[in-house]
Amino acid sequence: MTLKPSTFVEWLHVSMTGAQRAERKHIIHFSDRHHYEACIRQWNEMRQSLAGRNKIQPLKIINAISCSLSNTDKLSSIPFIKSIESDTKMRVHAVRAANGAQPSDGSIRSGAANIPWGIKRIHAPQAWNKSKGERIRIGVIDTGADYTHPDLRHCLSYGVNLLNRLLMPNDDNGHGTHIAGTIAASSRQHGITGVAPRAMIHPVKAFDHQGSAYVSDIISGIDWCVQNEMQIINMSFGMRTYSKALETAIRNAYHAGVIVVASSGNEGKQATIDYPARLRQVIAVGATTKRGRIAPFSNVSKSIDIYAPGEKIYSTWLRGKYNELSGTSMATSHVTGVVALILSRKAGLSPLHVKSIIKKNAKILPKPGVSIKEVHALRAVGGVAKTASTGR
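Per our numbering, the very first residue in the sequence shown carries number 3; after that it's consecutive.
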């Protein structure tokens, strides 16, 4: 059966009519770029004449669209529709520290010590004479970032607000600002210093003020990062269910040479981790404590590539303040910073090669029956010179 794009758009409009605005979103995959682009063009031509306010979200990186559907019966029978899946939600991976620390009044707790314990533990300061993350572009898909924070002003570059593209990707939650601080904060006086203080962060606001986002928004964020030539994508979030659409987007980013770092989850589960960290194209990160043990909240699995400090991590917060959070999110930002140090030392390394450098140069933590590798910034940066680049 041959179906014209105009007929598809009419069917799509009918299938969207009556759908609950936010609860019944789906991702529609096209079989190829040709049919995807033809239908997008047709939708743009016809949408003015279609009744109602139905909207679609193009997901070019995977030849798909996201929209609210009341039913999928008619669309699933179309020859050039590869698949239709639910557009599910996921959340950021952070929990308040056990002591319930609230945002401080804006000054660091100890005036002399402006390097948080996690950054010290992974030996980042000792690597700074070789690399500080210069010229490295990092897409942080999260809740946005506080552009006014004194410790982040130097490192925050242009980004995108996927929830409202007319607005700046300003943080209304705090999580994204906290992540940005651990990666690249820099302060000459009373603030904190991150792992890669000269890297550039490009905030990609995909999560709302509650720390929730749809898979389609994550895919749009990945697409933006690839199109804007980010070298690293930080993903401090996850979900338990598998999404073919998300895997396809991450695989495409991987083949474009982008290193994706993702958190494993905070359920304290054994032998399982969340998506997207479970995907093989990702550097999966678990969390450790100040005592060098696996954090009790961290998921544990052979699928985890590397561990990093994630307990009671002190970092930047909204309105120029600081806060202490725990989670595999915080561990992930440490690893992203180390990747920036590596790439600044030697640009063009493939994602597989970067993962190998981090794992081979890790610190082995004592745990009976399990090999736990904690990221070691100094060794990783030193390890770059010992290996030949595989390129992209």
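Beta carbons: idealized from backbone N, C-alpha and C, even for Gly.
Asked	Found
Mind reading off the beta-carbon distance from GLY339 to GLY196? Whole number of angstroms is fine, and I expect it under 8 Å.	6 Å
Quick one: give me the first and last residue of the alpha helix (DSSP H) that ILE42 is part of.	35-48
Is the CB-CB distance between ILE132 and GLY384 below 9 Å?	Note that residue 132 is Lys in the sequence shown, not Ile. Yes, Cβ-Cβ distance for LYS132 and GLY384 is below 9 Å.
Contact criterion: CB-CB distance below 9 Å. Does MET92 meet it with respect to chain C?	Included in the structure is just one protein chain, with no chain C present.
Hey, out of TYR216, ARG26, PRO311, whose CA is closest to LEU248's CA?	TYR216
For ALA186, which residues in the same chain have their Cβ closer than 8 Å to its Cβ, ignoring the five residues on either side in sequence?	GLY135, ILE140, LEU154, CYS157, GLY196, VAL197, ALA198, PRO199, ARG200, ALA201, MET202, ILE203, GLY339, ALA342
Can you tell me whether MET241 is helix, strand or coil according to DSSP?	strand
Contact between the region 32-39 and the region 50-69 is defined here as three or more beta-carbon pairs at a separation below 8 Å; is this criterion met?	yes
Tell me, which residues are paired with LEU351 by DSSP?	Its beta-bridge partners do not exist; DSSP assigns none.
Hey, how far is the Cα of LYS84 from the Cα of THR9?	17 Å
Which term fits ALA129, buried or exposed, when burial requires 16 or more other beta carbons within 10 angstroms of its beta carbon?	buried
What's the C-alpha gap between GLY213 and VAL372?	33 Å
How about PRO118 and ILE308: do their beta carbons lie closer than 9 Å?	no
Tell whether a beta-carbon distance below 9 Å holds between ILE344 and VAL356.	yes
Take ILE63 as the anchor and find which of PRO353, ALA289, ASN230 has the nearest alpha-carbon.	ASN230
Would you decide whether LEU14 is buried or exposed? Buried here means 16 or more other CB atoms lie within 10 Å of its CB.	buried
I'd like to know whether the C-beta atoms of GLY259 and PHE299 end up nearer to each other than 9 Å.	no
Bridge partners of GLY288, per DSSP?	TYR309
Buried or exposed: which applies to LEU380, given that a residue is buried once 16 or more other Cβ atoms fall within 10 Å of its Cβ?	buried
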